[in-house]
Amino acid sequence: MLYFRGCTAREKETGIAEATEKLLGLANVDYHILDDEKCCGSVLLRTGFEDEAKKQIAKNTEVFGDETILTSCAGCYKTLLQDYEGLDVIHISELLAILIDEGRLKFNKKDLDVTYHDSCHLGRHCKVFDEPREAIESVANLIEMENIKENSLCCGAGGGVKSAYPQIASELAEARISQANDTNCDILITPCPFCKLNLKDYGLEVLDLTEFLIKYGGE
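Position one of the sequence shown corresponds to residue 33 (the numbering used here), numbered consecutively onward.
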């Protein structure tokens with residue numbers, strides 16, 4: 033298995049990659065990473081640079097081979113799954129649900145109220161809704177927001193919005209955080225480093241799923 037960290041977890045939210053590797057180690061998953069990992073091409077595709085994205089996809093395809101590719105990032109997952117050809121791809125939330133079900137990862141349930149943000153790429157685009165919730169509920173009480181699953185609100189970061197229209201990205205993040213606060217939860221959990229990056233500065237503790245499990249899943 034190749035663990036493809038993705039640009040945000042590799043460069044900006046490095047705690048996500050660290051937490052993921054800790055979980056893989058706890059479950060004795062045999063994996064490796066690329067020392068010279070490149071962008072998957074998601075940002076190029078979503079912002080209209082299709083020719084450049086195709087070149088990036090071709091370069092990465094030569095490197096990937098026929099291994100199963102594990103991703104931290106929902107955007108990477110969608111891109112590798114739907115925009116590349118013939119790759120075997122799994123998001124960390126899907127793998128975690130399997131490892132918990134098999135008993136290879138065991139957590140202690142806490143009296144802790146949390147809520148979950150469905151990333152656009154993982155949720156609406158790839159229909160991964162249940163697995164992250166199963167992982168969360170092995171540790172805490174999941175209190176759902178008003179808009180979830182197919183009807184989830186966007187965090188505001190994707191599609192180049194955070195870079196080109198930061199004010200709009202901020203307004204969307206504030207709207208989502210408001211829904212999270214309405215649940216009276218202690219923590220907001222996301223399955224996407226890019227979502228965490230845009231949601232984390234509004235007073236509520238925001239953690240990636242892997243960070244949450246490492247921080248709260250023990251004794």
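Quick reminder that beta carbons are idealized off the backbone N, C-alpha and C, glycines included.
Name the DSSP beta bridge partners of residue 122, please? Position 90 of the sequence shown, counting from 1, holds the residue named residue 122. In the DSSP output, where bridge partners are listed per residue, residue 122 has 102.
How far does the beta strand (DSSP E) with residue 40 in it extend, from its first residue to its last? On the sequence shown, residue 40 is found 8 positions in, with the first residue counted as 1. Element bounds for residue 40: n/a, residue is neither H nor E.
Considering only C-alpha positions, which residue in the set 215, 51, 95 is nearest to residue 249? To locate residue 249, count along the sequence shown from 1; it is residue 217. The option with the nearest alpha carbon to residue 249 is 51.
Quick one, are the C-beta atoms of residue 220 and residue 149 less than 8 Å apart? Position 188 of the sequence shown, counted from the start, is the residue given in the question as residue 220. Position 117 of the sequence shown, counted from the start, is the residue given in the question as residue 149. Cβ distance < 8 Å, so residue 220 and residue 149 count as in contact.
On the DSSP bridge list, what partners appear for residue 147? Your numbering for residue 147 matches position 115 in the sequence shown. DSSP, once it has assigned bridges, lists 220 as partnering residue 147.
Buried or exposed: which applies to residue 95, given that a residue is buried once 16 or more other Cβ atoms fall within 10 Å of its Cβ? Counting from one through the sequence shown, the residue named residue 95 turns up at place 63. Its Cβ having fewer than 16 others within 10 Å, residue 95 is exposed.
Note the first and the last residue of the continuous beta strand (DSSP E) segment covering residue 239. Position 207 of the sequence shown, counting from 1, holds the residue named residue 239. Start and end: 237-240.
Where the alpha helix (DSSP H) containing residue 93 begins and where it ends: Within the sequence shown, residue 93 is the residue found at index 61, counting from 1. Counting along the chain, the alpha helix (DSSP H) containing residue 93 begins and ends at 82-96.
Please go through the segment 130-174 and give each complete alpha helix (DSSP H) segment of 4 or more residues, from N-terminal end onward. 162-169
Residue from 205, 160, 36 whose Cα sits closest to the Cα of residue 181: Numbered from 1 along the sequence shown, position 149 holds the residue referred to as residue 181. Here the closest residue by C-alpha is 160.
So, at 7 Å on beta carbons, what are the nonlocal neighbours of residue 122 in its own chain, with the 5 sequence-adjacent residues on each side left out? Counting from 1 along the sequence shown, the entry for residue 122 is found at position 90. Cβ neighbours of residue 122 beyond the five flanking positions: 100, 102.
Which word fits residue 235, buried or exposed, when buried means at least 16 other C-beta atoms lie within 10 angstroms of its C-beta? The sequence position of residue 235 within the sequence shown is 203, counting from 1. Answer is exposed; the Cβ neighbour count stays below 16.
Three-way DSSP call (helix, strand, coil) for residue 66 in this model: Working through the sequence shown from its first residue, we reach residue 66 at position 34. Note: residue 66 maps to coil in three-state DSSP.
Quick check on residue 34: does DSSP put it in helix, strand or coil? Sequence index remark: in the sequence shown, residue 34 carries index 2 (1-based). Correct three-state label for residue 34: strand.
Can you give the Cα-Cα distance for residue 174 and residue 35, rounded to whole angstroms? For the purposes of this step, residue 174 is taken as the residue at position 142 of the sequence shown. For the purposes of this step, residue 35 is taken as the residue at position 3 of the sequence shown. If I take the Cα positions, the gap works out to 28 Å.
Any chance the segment 156-171 sits against the segment 188-203, with 3 or more Cβ pairs inside 8 Å? no
Roughly how many angstroms lie between the CA atoms of residue 205 and residue 116, to the nearest whole one? Position 173 of the sequence shown, counting from 1, holds the residue named residue 205. Position 84 of the sequence shown, counting from 1, holds the residue named residue 116. If I take the Cα positions, the gap works out to 30 Å.
Within the same chain, show all residues whose beta-carbon is closer than 6 Å to that of residue 238, passing over the 5 residues directly before and after it, in chain order. Numbered from its first residue, the sequence shown carries residue 238 at position 206. Excluding residues within five positions, the ones whose Cβ falls inside 6 Å are 220, 228, 231, 232.
Could you have a look at residue 52 and say whether DSSP puts it in helix, strand or coil? Taking the sequence shown and counting its residues from 1, one reaches residue 52 at position 20. Here residue 52 sits in helix by DSSP.
Take the Cβ of residue 65 as the centre, count every other Cβ of all protein chains shown within 10 Å, and call the residue buried at 16 or more, exposed below. For this step, residue 65 is matched to residue 33 along the sequence shown. Per the 10 Å Cβ criterion, exposed.
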